[in-house]
Every structure is written in C-alpha cells, then in structure tokens.
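Under numbering that gives the first Met the number 0, the first residue of the sequence shown is numbered 0, with each subsequent residue one higher. Don't be surprised by glycine CBs; every beta carbon is placed ideally from N, CA and C. The structure displayed is predicted, hence computed values, not measured ones. One structure is given here, and the rest of the page talks about it.
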Amino acid sequence: MDLILLGLPGAGKGTQAEYLVEEYNIPHISTGDIFRAATKNETPLGLEAKKYMDAGELVPDEVTNNIVKERLQEEDVKDGFLLDGYPRTLNQSEALRDNLQELGRELDAVIYLNVPKDILVERLAGRYICSNCGATYHKLNNPTKVEGVCDRCGGTDFYQREDDKPETVKKRIKVNEEQTDKLVDFYQEEGVLIEVDGNQDPEDTFAEIKELLKG
C-alpha cells in the first residue's frame with residue numbers, strides 16, 4: 000500500500016499515521032527523518048541537504064526529491080510506505096509521480112484529513128502553561144481540574160507561547176492551506192484522493208479511512 004497523508008496543522012495526521020503504519024505494516028516516512036538519516040549516513044545527497052540546513056535555508060526541491068527517491072528504493076518499503084510532509088509543492092508532486100513511475104510503482108491513495116479551520120484553531124491555540132511550575136494544559140483536551148488553578152502547584156497565573164496564540168495559529172494555517180489546496184486539486188485530478196472527515200473521534204476517522212481504502 001503506497002500512501003500519502005495530507006492535512007493542515009492540527010488535523011490529526013500524527014495519530015492517523017500511527018494507525019496506518021500498524022494496520023498495513025508499512026514504514027512512516029517523513030522528510031525530517033529522511034534528512035536526518037541522510038546527513039547522519041553522510042550520503043552525497045545528505046551532505047548536500049546539510050549545507051542548506053546549516054545555513055538555515057530551505058532544502059531545494061531537486062535535492063529533496065532525490066533524497067525521497069533514494070529512500071523509496073530501500074528494502075523496507077518494498078510492500079508499501081506512508082509519506083507524511085512530502086510532497087509539499089506541485090513541483091514535488093510531479094517529481095514524485097515521475098520517480099514512482101521510474102521505480103515501477105504508483106500511489107494507491109492520498110488521504111486528506113479535512114477539518115474545519117475554526118476547529119483547527121481551537122485545537123492548536125488551546126494550549127496554555129502555568130507561569131509558576133511550567134505544567135502544560137489544553138482547553139479542550141487537558142484542562143485544569145479546577146478552572147484557573149494549576150493542578151500541580153495551585154498557581155493561578157498562566158501564559159501562552161507565541162506559537163500557540165490564535166493570531167499566530169491562524170497565519171500558520173493560512174500558509175499551509177494555500178499549499179495543501181493545490182496538492183488536493185492535483186491528486187483529485189490524478190484520481191487517487193480520498194477525503195476523510197477529520198473532525199470526529201480518531202478511531203472513527205481511521206475506520207472511515209480503512210473503508211475507503213478497501214474501495
């Protein structure tokens with residue numbers, strides 16, 4: 000089963016990736032992991048990527064595409080893979096299609112976890128931290144037992160990290176949305192997109208994915 004997992008930040012990709020990897024016994028391949036492995040093993044492409052990463056720059060598509068292609072020829076992916084975080088651009092999507100054709104493979108499905116933006120903001124902007132002891136809470140998933148009082152130290156002063164503030168979260172979602180919409184359109188045209196309701200219990204979402212993959 001050759002799969003891609005798509006979704007905006009907060010859509011629950013991490014949880015669904017775990018389910019998919021276990022269910023279909025395929026490796027979870029993220030670009031971060033590939034880059035780390037390639038640079039650690041000092042492959043020519045890994046060293047090339049490291050130059051950009053050390054300079055704080057984005058690794059160019061050409062290098063990323065070739066590193067992914069190299070990874071997709073390893074022994075553990077012979078029965079399938081789950082790509083997460085790649086492709087990010089249309090250029091990468093087209094390169095992946097061409098590289099898979101060269102390897103005599105094609106995608107079985109691109110799973111798109113669709114969640115309304117206001118729900119994503121709630122999920123991502125819900126985290127807050129006790130100023131006194133650093134305990135972390137979430138408005139929806141892990142609130143304090145007594146509202147406004149830290150479970151651990153009894154403190155009443157909390158703060159949000161810049162990354163977790165609603166304005167920052169909305170910007171992050173907007174940037175990702177522009178990229179994701181293009182990929183969704185591309186894979187819709189390729190006839191491999193399956194759209195899943197990500198705004199439900201994770202186990203129900205996975206049951207829906209499994210059902211659609213059967214079809």
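Judged by their CB atoms, G197 and L112 are nearer to each other than the 9 Å cut-off. Within the model, the alpha-carbon separation for G55 versus L119 is close to 28 Å. Using a Cβ distance threshold of 9 Å, L192 and G79 do not count as a contacting pair. In the DSSP assignment, F157 is bridged to C129. Per the C-alpha coordinates, the member of K68, L81, P43, D53 positioned closest to Y23 is L81. Secondary structure of E61 (DSSP, three-state): helix.
Taking 9 Å as the cut-off, the Cβ atoms of M52 and L212 do not count as close.
For Q15 against R87, the beta-carbon gap comes to about 18 Å, at or over 8 Å, which does not count as contact. Closest option to E69, judged by alpha-carbon separation, among G84, L99, E93, P59: L99.
Here D156 is exposed: its Cβ has fewer than 16 other Cβ atoms, across all protein chains shown, within 10 Å.
When rounded, the separation of the alpha-carbon atoms in D150 and A10 is 28 Å. If you draw a straight line from the Cα of V174 to the Cα of E166, it is about 13 Å long. Inclusion of L5 and V109 in the CB contact set at 9 Å is warranted, their separation being smaller than that value. By the C-beta density criterion, S130 is exposed, having fewer than 16 other C-beta atoms within 10 angstroms. Bounds of the beta strand (DSSP E) holding Y136 are 135-137.
For A108, DSSP records a beta bridge to L2. Across the set L139, T135, N140, the C-alpha of T135 shows the shortest separation from the C-alpha of G154.
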